[in-house]
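First the structure, in the form of structure tokens, and then the observations on it.
2 protein chains.
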Amino acid sequence: MSTLPFPIERLDTPAILIDSELLDRNIREMRSLADRHGIGLRPHVKSHKSIVLANRQIAAGAIGIAVAKLGEAEIMAEGGIADIQIANQVVGRIKVERMISLAKKISISCAVDSIDNLRELSELFGAHGMVANVLIEIDTGLHRSGLGRWENIFELAKAASASPHVALLGLMTHAGHAYAAQDPAARQRIGIDEGNQLVAFAERLRHEGIPVHVLSAGSTPTAEFVAATPGLTELRVGNYLFNDAIQVALGVAEWERCALSVLTTVISVHPDRIVIDAGSKVFSSDAGAHGSSLLSGYGKVVGLSATVTRLSEEHGVIMGEFAHLTKVGDRLRVIPNHACPVMNLAESAWLVESGSVIGKLEIDARAKTA
Amino acid sequence: MSTLPFPIERLDTPAILIDSELLDRNIREMRSLADRHGIGLRPHVKSHKSIVLANRQIAAGAIGIAVAKLGEAEIMAEGGIADIQIANQVVGRIKVERMISLAKKISISCAVDSIDNLRELSELFGAHGMVANVLIEIDTGLHRSGLGRWENIFELAKAASASPHVALLGLMTHAGHAYAAQDPAARQRIGIDEGNQLVAFAERLRHEGIPVHVLSAGSTPTAEFVAATPGLTELRVGNYLFNDAIQVALGVAEWERCALSVLTTVISVHPDRIVIDAGSKVFSSDAGAHGSSLLSGYGKVVGLSATVTRLSEEHGVIMGEFAHLTKVGDRLRVIPNHACPVMNLAESAWLVESGSVIGKLEIDARAKTA
Numbered sequence: 002m003s004t005l006p007f008p009i010e011r012l013d014t015p016a017i018l019i020d021s022e023l024l025d026r027n028i029r030e031m032r033s034l035a036d037r038h039g040i041g042l043r044p045h046v047k048s049h050k051s052i053v054l055a056n057r058q059i060a061a062g063a064i065g066i067a068v069a070k071l072g073e074a075e076i077m078a079e080g081g082i083a084d085i086q087i088a089n090q091v092v093g094r095i096k097v098e099r100m101i102s103l104a105k106k107i108s109i110s111c112a113v114d115s116i117d118n119l120r121e122l123s124e125l126f127g128a129h130g131m132v133a134n135v136l137i138e139i140d141t142g143l144h145r146s147g148l149g150r151w152e153n154i155f156e157l158a159k160a161a162s163a164s165p166h167v168a169l170l171g172l173m174t175h176a177g178h179a180y181a182a183q184d185p186a187a188r189q190r191i192g193i194d195e196g197n198q199l200v201a202f203a204e205r206l207r208h209e210g211i212p213v214h215v216l217s218a219g220s221t222p223t224a225e226f227v228a229a230t231p232g233l234t235e236l237r238v239g240n241y242l243f244n245d246a247i248q249v250a251l252g253v254a255e256w257e258r259c260a261l262s263v264l265t266t267v268i269s270v271h272p273d274r275i276v277i278d279a280g281s282k283v284f285s286s287d288a289g290a291h292g293s294s295l296l297s298g299y300g301k302v303v304g305l306s307a308t309v310t311r312l313s314e315e316h317g318v319i320m321g322e323f324a325h326l327t328k329v330g331d332r333l334r335v336i337p338n339h340a341c342p343v344m345n346l347a348e349s350a351w352l353v354e355s356g357s358v359i360g361k362l363e364i365d366a367r368a369k370t371a
Numbered sequence: 002m003s004t005l006p007f008p009i010e011r012l013d014t015p016a017i018l019i020d021s022e023l024l025d026r027n028i029r030e031m032r033s034l035a036d037r038h039g040i041g042l043r044p045h046v047k048s049h050k051s052i053v054l055a056n057r058q059i060a061a062g063a064i065g066i067a068v069a070k071l072g073e074a075e076i077m078a079e080g081g082i083a084d085i086q087i088a089n090q091v092v093g094r095i096k097v098e099r100m101i102s103l104a105k106k107i108s109i110s111c112a113v114d115s116i117d118n119l120r121e122l123s124e125l126f127g128a129h130g131m132v133a134n135v136l137i138e139i140d141t142g143l144h145r146s147g148l149g150r151w152e153n154i155f156e157l158a159k160a161a162s163a164s165p166h167v168a169l170l171g172l173m174t175h176a177g178h179a180y181a182a183q184d185p186a187a188r189q190r191i192g193i194d195e196g197n198q199l200v201a202f203a204e205r206l207r208h209e210g211i212p213v214h215v216l217s218a219g220s221t222p223t224a225e226f227v228a229a230t231p232g233l234t235e236l237r238v239g240n241y242l243f244n245d246a247i248q249v250a251l252g253v254a255e256w257e258r259c260a261l262s263v264l265t266t267v268i269s270v271h272p273d274r275i276v277i278d279a280g281s282k283v284f285s286s287d288a289g290a291h292g293s294s295l296l297s298g299y300g301k302v303v304g305l306s307a308t309v310t311r312l313s314e315e316h317g318v319i320m321g322e323f324a325h326l327t328k329v330g331d332r333l334r335v336i337p338n339h340a341c342p343v344m345n346l347a348e349s350a351w352l353v354e355s356g357s358v359i360g361k362l363e364i365d366a367r368a369k370t371a
């Protein structure tokens, strides 16, 4: 590849482009939101999986990062990140031993929502004379993992407090169902409720004599409401540094704030459609997220007032009479529905600024299955 | 990792398991189908992206392979495959130069469906004193790339024949719309029509004095009908070596013939649902393919008579009252809707036989974006 910087035209396609200024602006403004409310910012790096971007988020004031799985945590720890929350359960001896290896080097915690898993963490960490840092996962309406009933939360918190090899840091939740909100008012209700539920459970636990310090919540669509909830200590957000068509459909971001796009080439032109060289192995086949039905198609085509109508694995079909506007070999930029899987599907992405490629980003933790 | 073989229980999850005997049987039987009808078998390696599996298909009698893009062709050529058809357009100077590099080492061809692209191939191959091997892509009903009208096909074939730096090998098509067939009779009609259209266009071209030799068609759902069409020379199939829930829904395969599954761990148990540690970053979010609506959910859970109801990026939620049947830490095997993106999303897969892991498969061409 050419020496940096070089014109975008020299890139082969499909290529993931990340607008460097927009990226920095998105990172900066989320930090400002957190600062205004005095809440710590813990970016979820599953959205980018890049050591460089994680360190950029830390440099911009993040207190640490969140990851979705151990494979990401291991890569990020190698990349110099010293405070990692696994916003997920760590289940099974193989995984817990991997977490113990990390806990010898960095500050690491995980979510827990069952006595069985708590016992496993306690026993295995205990066998090493170590302490597992855990946050009880609260189900605030997504109905995925997490506990929603007080009796269960109280029982698990008591068990955690009673174990000498477990440190109950606090509570965490993710109100992913905000992605299915039909309008900003519904999204606001979910965001306010997400924070309030977490704070209410924390207060009941404190009342029962169980101290909880960390209250970690968030998602990009609920960030503004979570940040403003008194009592929460951590705002956890992932997608915000890119934004995407889903965030625009939700009213969270504008097209002009979408930092990630896919550069594609038109490979076939017909009276009723054109075909680009990027399909579901580039965009993923994510239509919405968590039941969202706000979007049609698979990404906004910049400059054509069209969306990608359907995807095969290596083709994107854009229905419409564009044959007089485009020819085979033309390049089109597409803002994907969901930026996070796009990063996971690629090997690398390109930082761009004013028509030039200024950097190559390795997607270090891509394809870490476990 | 342990020395091979070792018990499956020692694998971390999620893990991609490939039943070695079923794999070999699927590979062998497709070869038998092709042999019975005297048609060449050209497996499409986009389904597995593994050099080892491509060579296994060649060893089992394939005449060469098909790939979906240059990135796959480059990896497979490095892996010793000497006859590759890029079943897609190769558009733009960067890509054509990459194809030329390959054409200096192996036998390689690509699809073409426009005069513009044909001219580009001709000029760039010509500048190297070389000849581009092309197949005209015919649209037999998928309405993606390809030409469906005789005038356009004839015009492109004449242009190809007139160029000294292009060799028109023949015609190719992919009737992917068979994936949307609602019943086996509809699938049969599509498969028969796919082959017959290709043969009919070839005969008209020959009648016009334009020789075409290679007639390449196929998909796993239409394989039996394409193989039986007199006049076709190549059967192109990808998924058949694995099969998946989509093939079962179409009536193409039975569950007992699905060679690929995902080993997962239950991480959260609730009265109305359980949660496994594999989501859309393992299974992809492919519900069906090409508009299929035959399937609900995202994969069949082996042994639970359940499907994965919904996916987050790293969670699979299985709705149902399974709390008395499963506990946190249990392992569940899932047959995915669509096996091809599962391979693309992972770094490696495991060959298994009677409860033991007997080999590790690198997914060499995964995440090759361009």
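Residue numbers (our numbering), protein chains in the order written: chain H, 2 to 371; chain S, 2 to 371.
Idealized CB from N, CA, C, for every residue including glycine.
Limits of the unbroken beta strand (DSSP E) element including residue i
i      : result
Q86/S  : 84-90
W351/H : 349-354
S269/H : 261-271
A67/S  : 66-68
E235/S : 235-238
L12/S  : That residue, L12/S, is in no beta strand (DSSP E); it is neither H nor E in DSSP.
CA nearest to the CA of residue i, picked from the options
i      : options                        : result
H175/H : S164/H, D194/H, P185/H         : D194/H
N345/S : S355/S, Q90/S, R367/S, H325/S  : R367/S
I268/H : H49/S, C111/S, E22/S, A78/S    : C111/S
D84/S  : Q90/S, E75/S, I64/S, K70/S     : I64/S
I59/S  : E75/S, G39/S, G81/S            : G81/S
G72/H  : A260/S, D13/S, I9/S            : D13/S
R11/S  : T370/S, A35/S, A371/S, R332/S  : R332/S
L362/H : V353/H, K369/H, R188/H         : V353/H
E225/S : R150/S, S33/S, S123/S, N56/S   : S33/S
A160/S : G149/S, S115/S, K369/S, T141/S : S115/S
K369/S : H38/S, A187/S, I40/S, I76/S    : I76/S
M320/S : H178/H, R274/H, A187/H, H144/H : H144/H
D273/S : T230/S, H325/S, G177/S         : H325/S
Cutoff 6 angstroms; reference residue i; Cβ partners in own chain excluding five residues on either side
i      : result
L216/H : G171, L172, L199, A203, L233, T234
S293/S : Y180, A181
H129/S : I101
G360/H : L352
G219/H : V227, L236, R237, V238
L261/H : I19, F243, A340
Residues near residue i by beta carbon distance below 7 angstroms, same chain, minus five either side
i      : result
D287/S : N338, H339, P342
V253/H : T221, P222
L125/S : R94, V97, E98, I101
A158/S : I137, L169, L206, I211
E209/S : F155
N240/H : S48, T221, Q248, A340, C341
Unbroken alpha helix (DSSP H) run spanning residue i, endpoints
i      : result
M131/S : No alpha helix (DSSP H) holds M131/S; DSSP gives it neither H nor E.
E363/H : Segment 357-363 is the beta strand (DSSP E) holding E363/H; no alpha helix (DSSP H) there.
I59/H  : 52-60
D36/H  : 21-38
S110/H : Counting along the chain, S110/H falls outside any alpha helix (DSSP H), though it belongs to the beta strand (DSSP E) covering 108-113.
K301/H : K301/H -> not in any alpha helix (DSSP H); beta strand (DSSP E) instead, spanning 300-302.
V97/S  : 94-104
I247/H : 246-251
V283/S : 281-284
Heavy atom of the ligand ADP within 8 angstroms of residue i beta-carbon
i      : result
S297/S : Absence of the ligand ADP is noted for the structure shown, with no ligands found whatsoever.
Own chain partners of residue i with C-beta closer than 8 angstroms, once the 5 adjacent residues on each side are dropped
i      : result
S349/H : I17, K361, L362, E363, I364
V329/H : V267, I268, S269, V270
Quick check: the stretch 284-304 of chain S against the stretch 332-351 of chain S, are there 3 or more CB pairs under 8 angstroms?
Three or more pairs of CB atoms, one per stretch, sit closer than 8 angstroms, so the stretch 284-304 of chain S contacts the stretch 332-351 of chain S.
Mind the definition here: the stretch 113-125 of chain H touches the stretch 150-165 of chain H only if three or more C-beta pairs lie below 8 angstroms; say whether that holds.
They touch, by the three-pair rule.
Go through the stretch 191-233 of chain H residue by residue and report every complete run of the beta strand (DSSP E) that reaches 3 residues or more, in order.
215-218
Taking a Cβ distance cut-off of 8 angstroms, strictly less, list which residues of the stretch 84-95 of chain H are near chain A, in chain order.
Protein chains in the displayed structure are H and S, and chain A is not among them.
Would you call the stretch 266-284 of chain H and the stretch 142-157 of chain H in contact, with 3 or more CB pairs under 8 angstroms?
no
Cβ contact check for the stretch 310-317 of chain H and the stretch 269-281 of chain H: 3 or more pairs under 8 angstroms
yes
Enumerate, from N- to C-terminal direction, the unbroken beta strand (DSSP E) stretches of 3 or more residues contained entirely within the stretch 130-183 of chain H.
133-138, 167-173
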